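Numbering (the numbering used here), first residue to last: 14 to 444.
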């Protein structure tokens with residue numbers, strides 16, 4: 014098979030969560046462990062940092078990887094989902110693995126896949142671990158796919174675990190209370206392994222504290238650290254770079270620029286800086302200059318896209334992958350900093366989530382362009398429109414994401430804002 018045929022095989026023959034939803038989620042690590050055994054346990058052959066959480070884990074992973082590779086470490090990065098190319102999921106020093114690597118791996122192990130019957134995600138994790146081991150990376154940043162305890166990535170023994178925050182997402186699989194969701198995410202806390210929690214959330218902090226105590230793991234809440242991280246940009250000017258002042262415990266202040274300009278990145282940045290402090294304690298040589306250099310070019314160094322990303326300036330067109338209530342809250346905060354005459358909101362969602370929390374938050378004075386992401390899980394545009402109307406959100410349904418996007422752009426005046434979001438998959442199609 015060539016590369017495209019290999020991808021077609023992976024997408025059609027292996028259960029893929031992004032396409033079909035919960036039926037692709039395996040309730041134990043049996044398949045992952047079988048694949049790792051087949052590959053001579055590559056997960057034990059490289060150092061790693063494990064990053065989970067509801068929101069911000071992708072940005073946090075990319076920032077950490079950018080800093081590590083700038084500091085001279087050969088750095089693996091595993092993330093999901095991808096926006097345009099499957100190979101975005103597996104990178105070394107920011108470079109995607111080759112198409113041939115994917116083709117050869119699938120060709121060699123296809124008979125084993127048919128015996129083990131892994132999901133798409135389980136296979137991809139195995140491929141990432143195999144590549145990182147063979148390429149002898151110094152360290153790999155591994156982003157959790159979904160949850161934590163039962164996630165396929167949770168077979169590594171990391172130097173450090175990071176959990177950004179807990180929010181309402183994937184409740185049909187992780188539980189319908191924040192405490193239950195937190196317990197699943199806390200599953201990546203390992204024996205005698207430090208863990209950094211990005212945000213102290215009073216209603217669930219005990220879940221992490223108890224799990225850390227059980228595992229004899231030192232726990233740090235980044236948001237409670239003395240390190241102060243704040244934006245110095247004026248309202249409305251944070252479209253390309255976020256100017257940040259960082260005040261350390263010794264009260265020395267230094268300035269950073271971050272090319273991920275969403276203001277929600279301030280929380281992620283504090284988590285990243287706490288993680289860097291821990292890695293320094295473990296012997297990694299990472300200077301303040303490494304941090305400054307890396308954060309100015311995270312997108313260039315790691316290929317991260319879709320986080321408060323400006324696609325064009327006339328009309329101003331911005332996309333963001335935030336899709337659950339907490340993510341949308343941050344998106345709306347950013348929209349509020351942008352001066353515009355009229356908001357044109359291109360929105361599509363998936364069909365296996367409770368939309369009411371998100372729809373209740375959206376501004377009623379925007380013009381909506383409802384669409385269906387081109388995946389089996391995509392919610393029908395007409396259905397989304399009807400649900401949105403009950404929350405006072407008005408607009409038209411379109412036959413595709415691109416049709417909605419093009420119409421919004423055509424309708425927008427020079428001083429208007431076109432925003433694309435609601436689902437990672439809508440952003441992927443536009444990009």
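Ideal placement from N, C-alpha and C gives every residue a C-beta, glycine not left out.
It should be emphasised that the depicted structure is a prediction, and the values quoted were computed from it without experimental measurement.
Whole-angstrom distance between residue j and residue i, CA atom to CA atom
| i | j | result |
| --- | --- | --- |
| residue 195 | residue 383 | 32 angstroms |
| residue 130 | residue 22 | 13 angstroms |
| residue 128 | residue 140 | 17 angstroms |
| residue 124 | residue 197 | 32 angstroms |
| residue 168 | residue 134 | 14 angstroms |
| residue 378 | residue 349 | 13 angstroms |
| residue 253 | residue 322 | 8 angstroms |
| residue 347 | residue 359 | 16 angstroms |
| residue 424 | residue 187 | 41 angstroms |
| residue 374 | residue 281 | 23 angstroms |
| residue 66 | residue 293 | 23 angstroms |
| residue 224 | residue 41 | 20 angstroms |
| residue 433 | residue 356 | 11 angstroms |
| residue 112 | residue 50 | 24 angstroms |
| residue 201 | residue 217 | 16 angstroms |
Beta carbon of residue i nearer than 7 angstroms to that of residue j
| i | j | result |
| --- | --- | --- |
| residue 151 | residue 157 | no |
| residue 235 | residue 276 | no |
| residue 273 | residue 320 | yes |
| residue 233 | residue 170 | no |
| residue 306 | residue 354 | no |
| residue 361 | residue 413 | no |
| residue 265 | residue 211 | no |
| residue 56 | residue 172 | no |
| residue 27 | residue 136 | yes |
| residue 220 | residue 262 | no |
| residue 440 | residue 332 | yes |
| residue 58 | residue 146 | yes |
| residue 392 | residue 364 | yes |
| residue 230 | residue 245 | no |
| residue 408 | residue 380 | yes |
| residue 324 | residue 315 | no |
| residue 400 | residue 368 | yes |
With 16 other Cβ atoms within 10 Å as the buried cut-off, status of residue i
| i | result |
| --- | --- |
| residue 15 | exposed |
| residue 267 | exposed |
| residue 326 | exposed |
| residue 278 | buried |
| residue 343 | buried |
| residue 61 | buried |
| residue 376 | exposed |
| residue 121 | exposed |
| residue 166 | buried |
| residue 442 | buried |
| residue 227 | exposed |
| residue 89 | buried |
| residue 328 | buried |
| residue 143 | buried |
| residue 161 | buried |
| residue 107 | buried |
| residue 386 | buried |
Test: residue i CB closer than 7 angstroms to a CB of chain B
| i | result |
| --- | --- |
| residue 282 | The chain labelled as chain B is not found in the depicted structure, where only one protein chain is given. |
(message) Ignoring anything shorter than 3 residues, give me the beta strand (DSSP E) runs that lie fully in the stretch 74-111, in order along the chain.
(response) 88-91, 103-105
(message) Could you tell me which whole alpha helix (DSSP H) segments of length 4 or greater appear in the stretch 164-199?
(response) Positions of the alpha helix (DSSP H) runs, each at least 4 residues long and wholly inside the stretch 164-199, are given as 184-187, 191-198 in order along the chain.
(message) If we require 3 or more residues per run, which beta strand (DSSP E) segments fall completely within the stretch 314-392?
(response) If we require 3 residues or more, the beta strand (DSSP E) runs fully inside the stretch 314-392 come out as 322-326, 329-332, 356-360, 380-383.
(request) For the stretch 102-121 and the stretch 335-343, state whether three or more C-beta atom pairs, one from each stretch, are separated by less than 8 angstroms. (result) no
(request) Determine, using beta-carbon pairs with one atom in the stretch 72-86 and one in the stretch 303-317, whether at least three such pairs fall under 8 angstroms. (result) yes
(message) Restricting to runs no shorter than 4 residues, where is the alpha helix (DSSP H) found entirely within the stretch 400-439?
(response) 414-424
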